[in-house]
Amino acid sequence: MSATDPDSAWIAAALAASRPRVIAALLRAFRDLDTAEEAYHEAVLRALRTWPRTGPPRDAAAWLILVGRNAALDGKRRRVRETPLPPEEALSDRDDAEAALAERMDASAYRDDILRLLFICCHPELPATQQIALALRIVSGLSVARIARAFLASEAAMEQRITRAKGRIARSAVPYEAPGPAERAERLGTVSAMVYLVFNAGYSAGTGTERAALCEEAIRLGRLLLRLFGSDPEVMGLMALMLLQHARTPARFDAEGAIILLDDQDRGLWRRPMIAEGLALVDKAMRHRAPGPYQVQAAIAALHARAARPQETDWAGIDALYATLERLQPSPVVSLNRAVATAKIGGPAAGLARVEPLAKSLNGYFHFHGLRGALLMQLGRDGEARAAMGRAIALAGTAAEAAHIRMQLDRLSRDAERPWKKRSARVSGAARPARPWGEAARKPGDAAEEERTRMSQNPETAPAPVKGGLVAYLTVDGALKAAEFYARAFGAETVTAMPADEQGRTMHVHLHVNGSSLMLSDAYPEHGHPFRDPQGFNLTLMVDEIDARYARAVEAGATAVMPPTEMFWGDRYGQLRDPFGVLWAMNQQKR
């Protein structure tokens, strides 16, 4: 059966929908995850051979359980006695056998089976990384290769992680009986946390990545929980929170993958059906009058979703909800998020007053330094803002996060070069809503349009364009001197350079070299960004007239490593090393 067969779509959908139920039932029967998985896969192979010919069974899950159970029993007996099952217990596709099994699979058994499977995958003995990997493999059915790509691990390492999780469960003698009411309540929180961890892993990854698809898997797991615990307000809150956040995904990044902040997003791109479902779940959960952390976070997301324009956002309501969340789930991260609302209401100074006390707890957290740097920039405290943003870059978890902070640094540097224009680009007090994560507006809307107009009227205040699809960011010993050398040796143009500090260091230099951007920075060990000798790469310039370009670089002070010569692939190619330890190459393509 190929992907283009008309039967393939409904068969794939039936297998995906049945997987949790089938593996859960087989786990109850055999009390072993590997056996349950193998039995399920054997049943799937049989379905792929049989269903295109016979059509869909009346109950796909019952059919798969029956086939998987018999195949596993047959395998066990064959391994023990090398004899097949007796005829009365052998594999049967007859409708009466299928119907009989379906009758025994009532709603309570289904619920207990699924709960058992979820609780085993989220066993307290397992670290969160193993819980997530096991749930995605066993419950969602993602391949090991896909899970590995999502978490930037090798396939072998992810296979070992899943194997270790299974081994730990086996050694812990996990009971396979249906969990009792007390244990259900206790373990439900663990399962919910695992689902939200999966969601956040995808949500923080940006668009167009394997990891971003984890949001959809988390929502699928959330729907499974909601079917099992339809009256639990926290499960409703978790599902609503994921839906409301995921609904904004199409507007969160621009075409180049750069972050678009909430105030600047095109709200017309938000997925309205998903928002409607999330809002309905929030309202339903709140009627239970038993608030919990997921419900409160969902209510915050709902206030954002209900605002047609950024200016209509109920920031006072959001601040009050964060105050509630601080009581329910006190943590420095919650307090940091509340500081954003405070800054929106009272201006950057009020927001910074909430941020500063969190320094000790959140010193290693990217968003703390990013928010602090943005607030300091709005207050005109440029030196402190640069230091905070430099620390944020060092802690950035994604390229989009780092690029966003560098854009802020570009703007700050340009302001420093034009002090007479500096104040016009700042926001202070509460004269207009503060934008702690403010960036160049990319989407329509009043505030965004105002910012874009300002930049179009004063083009020199806009960040320099980043050229090229892959941009290198080098840490060198003497970034400003390196920029001067690259201008002499390679014809580089400095488009942005932050002023040097007392030690002669700079956090950011932006060059245009040979049609691409190149970023430079000095090392800042005090911010967790130490200097390491350049190694393991070279920067290749695609050039015409390679001999003249190479001679210019050597004359400027570069050391010849391999003079230009004809290579086996037909091009002329040479290498040289600059005074800062970076290996460069030049390549002139064959005409």
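Okay, so the sequence shown: first residue is 4 according to my numbering, each after it adds one. No residue lacks a Cβ here, since even glycine has one placed at the ideal position from N, Cα and C. Computed from a predicted model, the values in this text were never measured in an experiment.
Distance, Cα to Cα, residue i vs residue j?
{"i": "residue 301", "j": "residue 328", "result": "11 Å"}
{"i": "residue 25", "j": "residue 32", "result": "11 Å"}
{"i": "residue 80", "j": "residue 299", "result": "54 Å"}
{"i": "residue 587", "j": "residue 303", "result": "51 Å"}
{"i": "residue 45", "j": "residue 144", "result": "14 Å"}
{"i": "residue 526", "j": "residue 119", "result": "51 Å"}
{"i": "residue 123", "j": "residue 240", "result": "23 Å"}
{"i": "residue 59", "j": "residue 163", "result": "36 Å"}
{"i": "residue 552", "j": "residue 562", "result": "14 Å"}
{"i": "residue 27", "j": "residue 116", "result": "5 Å"}
{"i": "residue 613", "j": "residue 340", "result": "Not covered by the structure: residue 613. The range shown for the chain is 4 to 594."}
{"i": "residue 292", "j": "residue 227", "result": "23 Å"}
{"i": "residue 230", "j": "residue 347", "result": "38 Å"}
{"i": "residue 21", "j": "residue 378", "result": "51 Å"}
{"i": "residue 139", "j": "residue 150", "result": "7 Å"}
{"i": "residue 641", "j": "residue 142", "result": "In the structure as shown, the chain begins at 4 and stops at 594. Residue 641 is therefore absent and cannot be evaluated."}
{"i": "residue 175", "j": "residue 169", "result": "10 Å"}
{"i": "residue 478", "j": "residue 147", "result": "36 Å"}
{"i": "residue 126", "j": "residue 333", "result": "25 Å"}
{"i": "residue 541", "j": "residue 585", "result": "7 Å"}
{"i": "residue 19", "j": "residue 11", "result": "12 Å"}
{"i": "residue 389", "j": "residue 128", "result": "43 Å"}
{"i": "residue 17", "j": "residue 383", "result": "59 Å"}
{"i": "residue 401", "j": "residue 522", "result": "17 Å"}
{"i": "residue 153", "j": "residue 207", "result": "12 Å"}
{"i": "residue 386", "j": "residue 591", "result": "43 Å"}
{"i": "residue 15", "j": "residue 267", "result": "39 Å"}
{"i": "residue 29", "j": "residue 68", "result": "7 Å"}
{"i": "residue 78", "j": "residue 408", "result": "58 Å"}
{"i": "residue 423", "j": "residue 306", "result": "Because the pLDDT of residue 423 is 34, which lies under 50, any placement of that residue in the model is unreliable, and the number read from its coordinates should be weighed accordingly. Rounded to whole angstroms, residue 423 to residue 306 spans 39 Å at the Cα level."}
Which residue wins for smallest C-alpha separation from residue i, given the options the options?
{"i": "residue 313", "options": "344, 291, 222", "result": "344"}
{"i": "residue 528", "options": "510, 351, 303", "result": "510"}
{"i": "residue 549", "options": "565, 144, 359, 368", "result": "565"}
{"i": "residue 318", "options": "331, 290, 336, 354", "result": "354"}
{"i": "residue 251", "options": "261, 259, 277", "result": "277"}
{"i": "residue 518", "options": "497, 400, 349", "result": "497"}
{"i": "residue 3", "options": "311, 315, 342", "result": "Any question about residue 3 goes unanswered here, given that the chain covers just 4 to 594."}
{"i": "residue 198", "options": "297, 315, 14", "result": "297"}
{"i": "residue 233", "options": "352, 205, 287, 217", "result": "287"}
{"i": "residue 366", "options": "351, 380, 12, 392", "result": "392"}
{"i": "residue 405", "options": "359, 476, 386", "result": "476"}
{"i": "residue 598", "options": "411, 320, 23", "result": "Since the displayed the chain opens at 4 and closes at 594, residue 598 lies outside it and no answer follows."}
{"i": "residue 203", "options": "193, 217, 191, 194", "result": "217"}
{"i": "residue 194", "options": "173, 167, 133, 205", "result": "133"}
{"i": "residue 364", "options": "222, 356, 338, 380", "result": "338"}
Can you give the beta carbon distance from residue i to residue j, rounded, assuming they're within the 8 Å contact cut?
{"i": "residue 263", "j": "residue 255", "result": "6 Å"}
{"i": "residue 295", "j": "residue 331", "result": "7 Å"}
{"i": "residue 136", "j": "residue 165", "result": "5 Å"}
{"i": "residue 512", "j": "residue 482", "result": "5 Å"}
{"i": "residue 316", "j": "residue 308", "result": "Between residue 308 and residue 316 the Cβ distance is about 10 Å, and since that is not below 8 Å, they are no contact."}
Query raised in the report: Per the contact definition of three or more C-beta pairs closer than 8 Å, is the segment 73-80 in contact with the segment 35-45?
Result: yes
Query - At least three beta-carbon pairs within less than 8 Å, the segment 487-504 to the segment 570-585 - result: yes
Query raised in the report: Between the segment 269-285 and the segment 236-255, do three or more beta carbon pairs fall short of 8 Å?
Result: Here the segment 269-285 makes contact with the segment 236-255; the two share three or more CB pairs at distances below 8 Å.
Query raised in the report: Quick check: the segment 146-165 against the segment 48-56, are there 3 or more CB pairs under 8 Å?
Result: no
Query raised in the report: Which parts of the segment 342-389 are runs of the alpha helix (DSSP H), unbroken and 4 residues or longer, counting only runs that do not cross its ends?
Result: As far as the segment 342-389 is concerned, its whole alpha helix (DSSP H) runs of at least 4 residues are 351-358, 369-381.
Query raised in the report: Could you give the uninterrupted runs of the beta strand (DSSP E) lying entirely in the segment 237-286, keeping only those of 3 residues or more?
Result: none
Report task. Flag this pair as touching only if the segment 367-374 and the segment 383-401 have three or more C-beta atom pairs under 8 Å; answer yes or no. Result -> yes
Query - Every unbroken beta strand (DSSP E) within the segment 556-588, with a cutoff of 3 residues, ordered by chain - result: You should have 562-569, 575-580.
**Report entry** Residue ranges of each beta strand (DSSP E) within the segment 386-415, 3 or longer
**Finding:** none
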